[in-house]
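Remarks on the structure that follows.
Protein chains: 4
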Amino acid sequence: MGKSRIEAFSDGVLAIIITIMVLELRVPHDPTLDALGTLWPVITSYVLSFVYIGIYWNNHHHMFHAVRRVDGGVLWANLHLLFWLSLVPFVTAWMGENHFATIPTAAYGVILLMAGFAYRILQKALIHGEGNDSLLATAVGSDVKGRLSLLLYLTAIPSAFVNRWLAGAIYVSVALVWLVPDRRIERMVDER
Amino acid sequence: MGKSRIEAFSDGVLAIIITIMVLELRVPHDPTLDALGTLWPVITSYVLSFVYIGIYWNNHHHMFHAVRRVDGGVLWANLHLLFWLSLVPFVTAWMGENHFATIPTAAYGVILLMAGFAYRILQKALIHGEGNDSLLATAVGSDVKGRLSLLLYLTAIPSAFVNRWLAGAIYVSVALVWLVPDRRIERMVDER
Amino acid sequence: MGKSRIEAFSDGVLAIIITIMVLELRVPHDPTLDALGTLWPVITSYVLSFVYIGIYWNNHHHMFHAVRRVDGGVLWANLHLLFWLSLVPFVTAWMGENHFATIPTAAYGVILLMAGFAYRILQKALIHGEGNDSLLATAVGSDVKGRLSLLLYLTAIPSAFVNRWLAGAIYVSVALVWLVPDRRIERMVDER
Amino acid sequence: MGKSRIEAFSDGVLAIIITIMVLELRVPHDPTLDALGTLWPVITSYVLSFVYIGIYWNNHHHMFHAVRRVDGGVLWANLHLLFWLSLVPFVTAWMGENHFATIPTAAYGVILLMAGFAYRILQKALIHGEGNDSLLATAVGSDVKGRLSLLLYLTAIPSAFVNRWLAGAIYVSVALVWLVPDRRIERMVDER
C-alpha cells in the first residue's frame, strides 16, 4: 500500500491544527498597544505550539521519506499521533488564556508527552514494516533525542506545580533540541 | 477519469472534519482540574467521533486503493457521504454538551446511520464501475460488517429512548468492530 | 507550468469552504427536537450551499481534467473564483439565520451570480491557453447551462423582493440543473 | 529530498489561512442593507488580505516550480514564512473591526513586513541550495520588487500614525505591484 495518501491526510490535519490555533488569538476590542499587550501569554503559547507542530511535521516528513510502504497498523498509529496533536490547540489556548497557570501548564506537558509516546509507537510500527536493517531503523538508531524528550516532559509536568516557569523553560528547551536539524535520515538517504 | 483528485478532496474534507471538532472543546475559564473535569462528556464524544472519522478515512483509503477509475456518479456518491460526515461535528458537540441526553444521542445515531448508508451507496457505485468480478467486489463480498453496522445503528436509535448508555455502548461497539483491521482488501491487492 | 498544484490549492480551499459552513450550525442549548427544529432554515441553507460548492468542485475537477497547462492569468482567474466562493459560508449563514429574509436571500443570489461570472472568466482563460479547437473548447461549446444559470441568478435577485420563496426556488432549480451530470467532457476525454 | 510534500503542506496552510479569514466576517443580526453596510471595513480588509495571501501563494508556487530539491533549512524557512502569514487573519480582523484605526493599521504593516522578510529568507535558502547560476537565482536577480515592497511596508508603518489612509494606500499599492504578473520565472522555465 502506497504511502502518499497517508502523507496527504497527515499534511492536511497538521496544516489545520497549526492554523486553527490562530482562531484562539481573539481579536482585542480596543485598537491600542495595551490591548495587544494583554495578549502576550496567548501569543507566546501560540508561538511555542506553532514550533512544536512544525517540528512534528518536519520529523513526520523525514520519517515517511525513509519508508517505502505502510500497512493498516501504521494507519492507526498515525491517527493516534494526530489525535494527541489535535488537542494541542486546546491546551495551548487554555495555558495562554490562564497566563501559564499551574494546571494548564502541566496539562500542556501531558499532551506533549502523549504525542511523544504516540510518535515513538508510529516509529516502531514503521520500523516493524521496514525491517531492522532498513534505512529507517538505522537512521533512528537508539533514538536518544526521542527518549530524552519524553523524560523531559515527564520532568516538566510535576515541576509545573513547583514553578510554572520551570516547566515552560523545559518545553522551550525540548523545542530547541529539535529545531537543530537532525540530518541523520537526510544523510543516509543521500548515501544510498 | 483519475481517482487522485477525488482522494485529495476527500482527504481534505475528512482532515478538516476530524480537526474542527476540537473547536467545540471550549477552553474552560478556570485553570483547575475541576474545570477540565466538567468537560468529560465533550471530550468523550470527541474521542468517539475522532475514531469514527478515522475509521471512515481508513476504509475510504482502502476502498479507493482497490479502484482504478471513477465516473460522475462516484463523485456525487462521495460528496453525499462527505455531507453526512460533515454533520458529525455538529451532533458530537450537541451530544457532548448535553451530557449524552436522549435526543442528541439518538441524533448521533441517525447521522452515523445515514453516513453508513451513504458509504454503502458509494461502495455500490464503485463496484458498478469496476465490475462484479473486480478486486473491490471480491474484497467487499457480502459486506457483513457494513450491514451489521447499519443494523446496530438502527437498534441504537430507539434504545437511546430507553437507556442512553445502551445507545452509547452500541456506538462504541460498532467502532471497536471496525478498529480491528479488515485485511481483506490489503491481502487481495497483495495476491494480485 | 503544471496544473497539479493549482488543483491541490483549489481542492484545499473548496474542502475548507464546504466544511466550515457547518460551524455556523450553532449547537442548540436544549437537547430537544424543538430546539433542533428551530434550526431548519440554517440546515436548509447549509444543504443548498453544500450542493452548490459540491457542483463547483465537480465542474472545476472536470474542467481542469481537460486542461494540459496553466499560466499566470489562470492562477488569478482561479483565485477570483475562490474569492466569491469563500463568501458563500457568510451569505449562507446570513440567509439561514434570518429565515430567508429578503435582503440576505437576494445577497445569496448576488454571490452565486458573481461566482458564476468568475467561473466563466476562468473557463475563458483556460480555453485561451488551450486553443479554440482544444478538447476543452469543444466540450464547453456555447456553454448554454452556464449562461442560463447567470440569467436565472439575475432573475432570482429581484424576485427575492417580490417573494423570497420564488428566489429560493430558482436557486434550487439551478442546482438541480447542474446535479444532472454533464457527461460532455468525460465522453470527449474517452473518445480521444 | 523531494519538494512535493512541502508544497502540499504550504498549500494546505495557505488554503486554510485564506479561508478562515471569512470566519471573522461575523454574520450581521439584522437582514438589512444597513447591517451589511456597517461591515464595509471588515469586508475591505478581508479583500486586501485575500489578495495578499493569493499573491504569496502565487509567488510560492512559481518559486518552488523553479526548484529541484529542498533541504532541512528550507523546511524551517518555509515554516517561518507560514508563521507570519498565519497572523494575517488576526491583524486583518483587528484592523477591520476597528475601522482602520492607527495601531491595528500599523500592526498590519508589521505583519506584512515580517512576512516579506521571511519570504526573502526562504528565497535565499532556496537559491543557496540551487546555486547562484541556477534558474531560480537568475529569475530572482536583484529582486527589486521584493526589496521595494519591504521599503514600502517600512514607510507605511510610521505613516499610519500620520494618516491611516496613507498606510492603507501603500498596502493597496504594493498588492497592485504584485498583481501584475511576474513572468520572469515562467519565461525562463520555458526557455530551458
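Protein chains in written order, with my numbering: chain A, 7 to 198; chain B, 7 to 198; chain C, 7 to 198; chain D, 7 to 198.
Each residue gets a CB set at the ideal place from its N, CA and C atoms; glycine is no exception.
Nearest to S165 (chain D) by C-alpha distance, out of D:Y159, D:A173, D:L158, is D:A173.
Inter-segment contact for the region 11–27 of chain C and the region 24–42 of chain D is present: three or more beta-carbon pairs are separated by less than 8 Å. DSSP places D40 (chain C) within a helical segment (H, G or I) once states are collapsed to three. Taking A83 (chain B) as reference, the option from B:V146, B:L160, B:G135 with the minimal CA-CA separation is B:G135. The C-beta distance from G115 (chain D) to Y159 (chain D) rounds to 5 Å, short enough to meet the 8 Å contact threshold. Contact of N104 (chain D) with chain A is assigned, a C-beta pair being separated by under 8 Å. Under the 10 Å beta carbon count, H35 (chain A) is surrounded by fewer than 16 other beta carbons and is classified as exposed.
In this structure, L156 (chain B) keeps its C-beta atom at 8 Å or more from the C-beta atom of M194 (chain B). Between A113 (chain D) and W100 (chain D), the C-beta gap is smaller than 8 Å, which places the two residues in contact. S55 (chain D) carries a helical assignment under DSSP once its states are collapsed to helix, strand and coil.
Within the region 107–182 of chain A, the alpha helix (DSSP H) runs of at least 4 residues that lie entirely inside it are, in chain order, 108–136, 141–146, 150–168.
Per DSSP, G79 (chain D) is one residue of the alpha helix (DSSP H) stretching across 78–92. Measuring C-alpha to C-alpha distances from V94 (chain A) to each of A:G60, A:A72, A:M69, A:V168 identifies A:G60 as the nearest.
Ranked by Cα distance from L39 (chain D), the options C:I176, C:S148, C:V97 are led by C:V97.
With contacts defined as CB atoms closer than 8 Å, V178 (chain B) and L54 (chain B) qualify as a contacting pair. Annotation: Q129 (chain C) to G147 (chain B) spans about 43 Å, alpha carbon to alpha carbon.
Leaving aside the five residues that flank P47 (chain D) on each side, the residues in its chain whose CB is nearer than 7 Å to its CB run, in chain order, G102, H105, F106.
Residues of the same chain with a CB within less than 7 Å of the CB of V73 (chain A), apart from the 5 flanking positions on each side, are K9, L132, E136, L142 in chain order.
Comparing alpha carbon positions, the residue from D:A175, D:N169, D:K151, D:R32 closest to N65 (chain D) is D:K151. Under the Cβ criterion of 8 Å, I22 (chain D) is counted among the residues facing chain C.
CA-CA distance, F56 (chain D) to V168 (chain A), rounds to 46 Å.
Taking C-alpha positions only, W171 (chain C) is separated from D77 (chain C) by approximately 42 Å. Leaving aside the five residues that flank V80 (chain C) on each side, the residues in its chain whose CB is nearer than 8 Å to its CB run, in chain order, I12, L128, A131, L132, G135. In the three-state reduction of the DSSP assignment, V48 (chain C) falls in the helix class.
Each residue's CA atom was taken as its position, placing A145 (chain B) and S92 (chain C) some 40 Å apart. Against A14 (chain D), the close residues of chain C are A14, in the order they occur along the chain (beta-carbon pairs closer than 7 Å).
If you draw a 10 Å sphere on the C-beta of E30 (chain D), you find 16 or more other C-beta atoms in it, and that means buried. Under the criterion of beta carbons closer than 8 Å, I109 (chain B) and P110 (chain C) do not qualify as touching, at roughly 29 Å. The DSSP-derived three-state label of A72 (chain C) is coil. Residues A112, G115, V116, L119, A173 of the same chain have their beta carbon placed closer than 8 Å to that of I163 (chain D), with the five preceding and five following residues left out of the count. Where V28 (chain B) is concerned, there is no enclosing alpha helix (DSSP H), because DSSP gives it neither an H nor an E.
A direct Cα-to-Cα measurement between F89 (chain D) and Y58 (chain D) gives close to 15 Å. F123 (chain B) is not a Cβ neighbour of W63 (chain C), given a cutoff of 8 Å. Put simply, the backbone Cα of L87 (chain C) is about 44 Å away from that of V183 (chain A). L185 (chain C) has its alpha-carbon roughly 17 Å from the corresponding atom of T50 (chain C).
Close to chain C, meaning a Cβ-Cβ distance shorter than 8 Å, are the following residues of the region 86–112 of chain B: L88, F89, S92, L93, P95, F96, A99, W100, E103, N104, A107, T108, I109, P110.
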